[in-house]
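First residue of the sequence shown? That's 21 in the working numbering, and the numbers climb one at a time after it.
No residue lacks a Cβ here, since even glycine has one placed at the ideal position from N, Cα and C.
Predicted, not measured: the structure shown is a model, and the values here were computed from it.
A short write-up of the structure that comes next.
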Amino acid sequence: MDGKANLLPELEKLVEDSNLPLYLQLKNIIKAQIISGAIQPGDKIPSESELCERYGVSRITVRQAINSLVQEGYLYRKQGVGTFVTSPKLRRRLPRLYSFSEDMRELGLEPSSQVLEQRVIEADEEMAEILKLPDGSRKINKLVRVRLANGEPILLEKTFIPYYLCPDLVKENLEEGSLYSTLREKYNLLLDHAYETYEVGKIRKEEAKILRCQVSLPAFVIERLTYLKTEVPVEWTKSIARGDRLRFTVRLVADQAQIRREIEF
21 MDGKANLLPE LEKLVEDSNL PLYLQLKNII KAQIISGAIQ PGDKIPSESE LCERYGVSRI
81 TVRQAINSLV QEGYLYRKQG VGTFVTSPKL RRRLPRLYSF SEDMRELGLE PSSQVLEQRV
141 IEADEEMAEI LKLPDGSRKI NKLVRVRLAN GEPILLEKTF IPYYLCPDLV KENLEEGSLY
201 STLREKYNLL LDHAYETYEV GKIRKEEAKI LRCQVSLPAF VIERLTYLKT EVPVEWTKSI
261 ARGDRLRFTV RLVADQAQIR REIEF
């Protein structure tokens with residue numbers, strides 16, 4: 021393919037007297053081609069004038085359709101170059117307590133991890149307080165992993181778990197297995213709820229090398245503190261997530277909010 025989307029259906033015409041506005045009809049045609057894979061990520065779509073001629077509509081109609089698809093994340097513009105198909109987004113809901121590995125599989129992606137560090141350390145005062153370690157118990161499991169989806173690095177995780185809750189965790193193969201599944205199945209630790217905070221940051225030099233991205237790339241800094249039903253802290257994790265691969269949206273409805281995390285490739 022020459023990189024330009026010439027696959028928009030030539031014979032599909034817009035219906036003037038339809039209840040659906042012309043710009044929505046055009047939008048739906050383009051959107052259907054993107055979703056079906058007929059137009060690939062990175063393809064350049066025809067220009068506004070070409071679309072006007074092809075579908076017999078005004079430039080305003082074309083612009084409305086394109087703007088709507090840009091707003092929804094299906095297209096993006098390069099000034100002076102044209103409009104292109106974005107990479108597909110993989111959405112997931114955040115209100116439930118999620119495992120990266122389990123969620124990636126639900127999304128049809130192949131999760132994997134690279135363990136950079138897995139050892140037992142002594143907790144400092146701050147970490148001992150966060151994890152509410154018992155008196156005289158300062159040992160914690162430290163786990164540093166790169167989390168990948170289909171081989172693409174998404175985030176860098178540093179996780180700390182009380183040693184007294186799972187003393188043999190350091191022996192587990194956490195490159196192939198899920199940490200949450202291990203805690204549940206081997207140690208009978210039933211995770212109940214967690215609190216997460218999100219901040220905007222930038223990828224530092226050492227993180228950029230690990231995540232295979234540019235230095236100073238915008239990033240999400242995510243901190244999670246997970247509890248058992250008894251309110252015992254079981255995990256504190258700090259993640260650095262690539263801003264070009266992750267996006268959060270919130271859907272607000274009466275008396276509740278639905279939060280989604282989107283992963284872009």
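The three-state reading of DSSP puts Y247 in strand, counting E and B together. Distances from the CA of N170 to each of G57, R265, E70, I50 were compared; the closest alpha carbon is that of R265. Between G76 and F104, the C-beta spacing is not below 8 Å. In this structure, L237 sits away from K258, with a CB-CB distance that is not shorter than 8 Å. Excluding the 5 residues flanking it on each side, A143 has same chain C-beta neighbours closer than 8 Å at L151, L153, R158, K159, I160, F180, in chain order. Taking the CA atoms as reference points, L95 sits about 38 Å from L163. Put simply, the backbone Cα of L168 is about 14 Å away from that of K178.
By the neighbour-count definition (other C-beta atoms within 10 Å, threshold 16), L210 is an exposed residue. Rounded to the nearest angstrom, the Cβ distance from L245 to Y215 is 5 Å, consistent with a contact under 8 Å.
The closest CA to that of V252, considering only S119, S133, A148, R74, is found on A148.
When secondary structure is reduced to three states using DSSP, I242 falls in the strand class. The continuous stretches of beta strand (DSSP E) do not include A143, and DSSP gives it neither H nor E.
Within the segment 157-241, the runs of alpha helix (DSSP H) that reach at least 4 residues and sit entirely inside it are, in chain order, 199-205, 225-231.
Per DSSP, the unbroken alpha helix (DSSP H) holding K51 starts and ends at 42-56. Bounds of the beta strand (DSSP E) holding S259 are 253-262. Judged by DSSP secondary structure, Y96 falls within the beta strand (DSSP E) whose first and last residues are 95-98. Approximately 6 Å separates the beta-carbon atoms of E68 and R83; this is inside 8 Å, confirming the contact. For T103, there is no enclosing alpha helix (DSSP H); the enclosing beta strand (DSSP E) has its first and last residue at 102-105. Rounded to the nearest whole angstrom, the C-alpha separation of E243 and I260 is 9 Å.
In the DSSP assignment, E137 is bridged to V164.
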